[in-house]
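Everything below concerns the one structure shown next.
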Amino acid sequence: MSTSTDDLPQRLVNISSQLNRIVPIFQLVLGTFGNIMNIVIFTRRSLRTNPCSFYFLASSINNLFLLYVALLTRLLSSGWKIDPSNSNIILCKLRIFFIYSSLCLIQWFVVLASIDRYFSTCHTNQYRQFSSLKIVRRTAGFIILIITLAHFHTLIWWTVDYIGTDQYCNIFINDYELAFQIFFLIFSCMLPLLLMLIFGILMISNVRKLHIQIAAQNNGVRTDRSRSKDRQLVTMLLVQVIVMICCTAPFATVNIFDLMIKYMEKITYNAKIKQFFDNICRLILYFNPMTGFYIYTLSSQTFRIEIKHILKHTFKYIYIKSGLARCFITHQQNQTTITNQPVSRWAKKVRTSHNLIKY
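The working numbering applies: residue 1 is where the sequence shown begins, and numbers increase by one.
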């Protein structure tokens, strides 16, 4: 029995190592596809003029960047022991700077989108005026600047040094390590999650009031149609807030525990078990930059319609460009010559589309 218990920490370490090799690959593939689709969809005419869509677009671009700066390098480092940043001080500083800046931006773009949806669902016209594309663009630029400057200290204090016989990119000053962990917990975890929760509740309250107001109007159907897209954006955002809280809270919890065991002597723990939970929570955290597309697809009919349009035009373009359309038209013409029957409606449609695309 004791032997089995003693083997448990090592088994967890082995499981952790295998997860580091498998899970990030799926996150990279699904995240890359999802964020590229988001970028294409939110730049379409039907959505690009909506203020909330601008935040979703900015978040998708940031997510795609984070997947390759953070997750790909983590896959190589934790899964395959390939990490150039452990031996190159410039790569070390830049990697940490971009990782933590991008992780922070993920949270704050959702916060800004929540604030925008709160204003857009207010029944007072004075508040609704704050939900405009002009204000959103300025706010997004401002928050990017603030977060970039707020993480500038990582370029100074993170460095490469030896731990035993191996080099690591890490913090080697205890006072700064404490300050950095507190800064990350507050600025990238607790504060944005709290704001998401507050404005999420306010959004739900506003939407309920709007439903009551719409039900009391005679032209409720017309009003409902005009607000349908906004309501779906609110639904998309609320689901994303819930998922983001679920993915971020475990990582924040293990960081709080890490602070406690470093500065409270009475806490005992097994280092290997802690390493396992640290790894699991970090893998869960990296679901944030990859889940957006799948959340939007499940929660919004408008988003699904846009996906259908994109896929339809994409397959149509590939069909025509590949030469299959030309072969199909030739086959139809041959059949017409043999049977003296008119060309089918589908062939005429393909021929028309074929003529519209220049080779």
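From the three backbone atoms N, C-alpha and C, an ideal C-beta is built for every residue, glycine too.
Of the residues assessed, Q301 falls on the exposed side of the cut-off, its CB having fewer than 16 other CB atoms within 10 angstroms. Secondary structure of N270 (DSSP, three-state): coil. Between Q18 and the set G79, A58 and G164, the nearest pair of CA atoms involves G79.
Assigned with DSSP and collapsed to three states, C169 falls in strand.
If you draw a straight line from the Cα of A140 to the Cα of S60, it is about 13 angstroms long.
Assigned with DSSP and collapsed to three states, I82 falls in coil, not helix or strand. Take the alpha-carbon of N35 and the one of I115: they are about 22 angstroms apart.
In this structure, the alpha-carbon of I295 lies about 45 angstroms from that of G164. Within the region 52-83, complete alpha helix (DSSP H) segments of at least 4 residues are not found at all. Between T43 and L67, the C-beta gap is not smaller than 8 angstroms, which leaves the two residues out of contact. Under DSSP, W158 shares a beta bridge with I171. Using a C-beta cut-off of 8 angstroms, the region 189-203 makes contact with the region 242-261, since at least three inter-stretch Cβ pairs fall below that distance.
Using a Cβ-Cβ distance cut-off of 8 angstroms, the region 255-263 and the region 171-182 are in contact, since at least three pairs of beta carbons, one from each stretch, lie closer than that value. With 16 or more other Cβ atoms inside 10 Å of its own Cβ, S102 counts as buried.
Here the alpha carbon of Y176 sits roughly 22 angstroms from the alpha carbon of L105. N14 is not a Cβ neighbour of G292, given a cutoff of 8 angstroms. I173 places its beta carbon less than 8 angstroms from that of W157.
The straight-line gap separating the alpha-carbon atoms of V110 and Y55 is approximately 7 angstroms. When Cβ pairs closer than 8 angstroms are counted between the two stretches, the region 227-237 is seen to touch the region 114-128, the count reaching three or more.
One thing to note: L210 has its Cβ within 8 angstroms of the Cβ of H123.
T159 has its alpha-carbon roughly 34 angstroms from the corresponding atom of V243.
The beta carbons of A70 and I99 sit closer together than 8 angstroms.
Between H309 and the set L283, R21, S205 and S46, the nearest pair of CA atoms involves S46. Check the Cα spacing between Q27 and each of K134, L285 and H313: the tightest is with L285. Beyond the five residues adjoining it in sequence on each side, T49 comes within less than 7 angstroms, by CB distance, of L133 in the same chain, given in chain order.
Taking a C-beta distance under 8 angstroms as the contact criterion, I96 and C169 qualify as a contact pair. If you ignore the 5 residues before and after I245, its C-beta comes within less than 8 angstroms of the C-beta of L193, M196 and L197, all in its own chain and listed in chain order.
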